[in-house]
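Line by line, the protein sequences are chains Y and W. First residue of the first sequence? That's 1 in the numbering used here, and the numbers climb one at a time after it. First residue of the second sequence? That's 1001 in the numbering used here, and the numbers climb one at a time after it.
Number of protein chains: 2
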Amino acid sequence: VIEIEDVTRVYHLGDVDVHALRGVSLRVERGESIAIMGASGSGKSTLMNLIGCLDRPTSGTYRLAGKDVSRLSASELARVRGERIGFVFQNFNLLARTSAVENVELPLLYAGVGGHERRTRAIAALEQVGLGSRLDHTPNQLSGGQQQRVAIARALVSQPEIVLADEPTGNLDSRTSVEVMAMMQALVAKGITVVLVTHEPDIAQYAARVLTLKDGKVVSDTRHEPV
Amino acid sequence: VIEIEDVTRVYHLGDVDVHALRGVSLRVERGESIAIMGASGSGKSTLMNLIGCLDRPTSGTYRLAGKDVSRLSASELARVRGERIGFVFQNFNLLARTSAVENVELPLLYAGVGGHERRTRAIAALEQVGLGSRLDHTPNQLSGGQQQRVAIARALVSQPEIVLADEPTGNLDSRTSVEVMAMMQALVAKGITVVLVTHEPDIAQYAARVLTLKDGKVVSDTRHEPV
Ligand SMILES: Nc1ncnc2c1ncn2[C@@H]1O[C@H](COP(=O)(O)OP(=O)(O)OP(=O)(O)O)[C@@H](O)[C@H]1O
Ligand SMILES: Nc1ncnc2c1ncn2[C@@H]1O[C@H](COP(=O)(O)OP(=O)(O)OP(=O)(O)O)[C@@H](O)[C@H]1O
Ligand SMILES: [Mg+2]
Ligand SMILES: [Mg+2]
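Okay, structure coming up:
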């Protein structure tokens, strides 16, 4: 479902060029689970943004469910993102003056889901990550790990085909992390494709495949029995 | 140097009260290293904000280096924070339109350090966390772990007596985390008091003492040989 071929991404800063991705190729089958690891600055979030159609490669091709993403218009890209992809951002990207439940309703609002169903589904998603008693808190009234869980709930509420999670347990204690990974495994069991970036080997072991990036290149791609 | 006695912190949200800390007492000697662990939402960041003089308890007392913090004026508090405490925030709190090196210079600017020395020390602090090639990048031109390292450099550049680090390795790969913890250990060896919040047992083992919070209370406080 995800076919990335020889993709590069260069950031231009004045007279300096930062080569964040230097020729990455990746094929992910529908329903696979894959963990992306690598040192800080190795290009993991840049790759996730490309997969999530939030950014375009400098060169190379990206086909999502058979369609060449570079041929899509801005509005078609937005629709693909809204309908098919759920994204947990490394820095959460929650709306600041908006409550947890309203943040989680947002993907459903864009999908045209009615008010009553939106609220019911958003509450269920927040209860699933243990935040049933924090529905009306705004992000600055939540702990770091609670904000991260709101971001997770928001990514999952529209039941997307592909979940992209960038360091989803970075601010979570071990027990809450295990609960979140159990949710991710339940998604994989339902045929959803899950790509997660993590620096923690204990979290990576939940995926059937581990890809390691170094300086913008893939240095290993191994399969194993998931935990 | 840190004496917290029976401190509570209640957040009032309309008609709901959130009891984030429910009677916490803690004595930290000068030069000690202590790790604070506990589930997401257990009160760790709230406690760190109190220790760092960024917030006041609802009840209880806090003496810092012998002085009752509640007796200090707002400007005296600000001076204590600027001169004695270095804080690594869970969400980094970097200035958005400001380069890495200017973000790290900020504590020195407040301390009245001259321009040339500020720049030299800020560059050295950034090189120490491996960001010598990222001095002029603004936060949105840095990876998550790079932003975290700028926050660490900023906390250490003024050589404070007390370092408070809230999840300083949450976005760092294992090798970079080990380098950061080696820096923290070097500070302890120089007599600096280090309090760090972490959810990772591998990181907590670098401290000589581990305090665990649960629902706003201390449930264990154990000492061991640091790694
Ligand atoms: N400004 C606020 N208003 C209301 N409630 C708050 C506020 N800040 C924090 N809380 C609540 O206080 C509790 C403790 O928050 P705190 O940030 O100290 O937790 P934490 O232990 O640091 O969690 P984490 O590991 O997720 O960062 C949480 O349940 C949170 O929802
Ligand atoms: N907007 C930008 N402009 C310039 N350089 C950038 C920009 N965004 C990222 N970079 C650089 O590209 C490289 C890769 O960044 P990326 O965010 O993909 O790393 P990462 O693997 O996710 O790191 P981390 O584990 O720290 O989150 C980094 O060296 C970073 O400094
Ligand atoms: Mg990243
Ligand atoms: Mg916290």
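Heads up, the beta-carbon is just placed ideally off N, CA and C, and yes, glycines get one too.
message: Just verifying my parser: in three-state terms, what is the DSSP assignment at Glu-1200 of chain W?
response: coil
task: Out of Y:Val-218, Y:Leu-64, Y:Val-180, state which residue places its alpha-carbon closest to the alpha-carbon of Gly-145 of chain Y.
output: Y:Val-180
field: Which listed residue (Y:Gly-86, Y:Val-88, Y:Phe-89, Y:Leu-54) has its alpha carbon closest to that of Leu-72 of chain Y
entry: Y:Leu-54
- prompt: What residues from chain Y crowd round Leu-1172 of chain W, counting only those whose CB sits closer than 8 Å?
  reply: Neighbours of Leu-1172 of chain W on chain Y, chain order: Ser-40, His-199.
message: Can you tell me where the alpha helix (DSSP H) holding Tyr-1062 of chain W begins and where it ends?
response: In the DSSP assignment, Tyr-1062 of chain W falls outside any alpha helix (DSSP H) and within the unbroken beta strand (DSSP E) covering 1059-1064.
message: Please report the straight-line C-alpha distance between Arg-1118 of chain W and Ala-1186 of chain W, rounded to a whole angstrom.
response: 22 Å
field: Residues of the segment 1144-1167 of chain W whose Cβ lies closer than 9 Å to any Cβ of chain Y, in chain order
entry: Gly-1144, Gly-1145, Gln-1146, Gln-1147, Gln-1148, Arg-1149, Asp-1166, Glu-1167
message: Cutting at 8 Å between CB atoms, please list the residues of its own chain near Ile-1034 of chain W, excluding the five before and the five after it.
response: Cβ within range, chain order: Val-1028, Val-1194, Val-1195, Leu-1196, Ala-1207, Ala-1208, Arg-1209, Val-1210, Leu-1211.
Segment contact, 8 Å Cβ cut-off, at least three pairs: the segment 1047-1064 of chain W with the segment 1105-1119 of chain W: No contact exists between the segment 1047-1064 of chain W and the segment 1105-1119 of chain W.
- prompt: Under 8 Å between the Cβ atoms of Lys-1214 of chain W and Ala-1020 of chain W?
  reply: Not closer than 8 Å, so no.
- prompt: Given that a residue counts as buried once 16 or more other Cβ atoms are within 10 Å of its Cβ, and exposed if not, what is Gly-191 of chain Y?
  reply: Taking all protein chains in view, the Cβ of Gly-191 of chain Y is surrounded by fewer than 16 other Cβ atoms within 10 Å, so the residue is classified as exposed.
- prompt: Going along the chain, which residues of the segment 1059-1083 of chain W sit with their C-beta nearer than 7 Å to a C-beta in chain Y?
  reply: none
Chain B within 8 Å of Thr-98 of chain Y, Cβ atoms only: The structure shown contains no chain B; its protein chains are Y and W.
- prompt: Hey, out of W:Val-1163, W:Arg-1175, W:Glu-1167, W:Gln-1090, whose CA is closest to Val-1129 of chain W's CA?
  reply: W:Arg-1175
- request: Indicate whether at least one CB of chain Y lies closer than 8 Å to the CB of Thr-1008 of chain W.
  value: no
- request: Could you pull out every unbroken alpha helix (DSSP H) segment of at least 4 residues lying fully inside the segment 120-193 of chain Y, listed in chain order?
  value: 144-156, 174-189
message: Can you check whether the C-beta of Ser-45 of chain Y is within less than 8 Å of a C-beta belonging to chain W?
response: So yes, Ser-45 of chain Y belongs to the interface.
query: Between Thr-212 of chain Y and ligand 1, is the CB less than 7 Å from at least one heavy atom?
result: Answer for Thr-212 of chain Y: no, Cβ out of range of ligand 1.
Residues that Gly-176 of chain Y contacts on chain W, provided the C-beta gap is smaller than 8 Å: Per the sequence presented here, residue 176 of chain Y reads as Thr, with Gly not at that position. In chain order: Ala-1039, Ser-1040.
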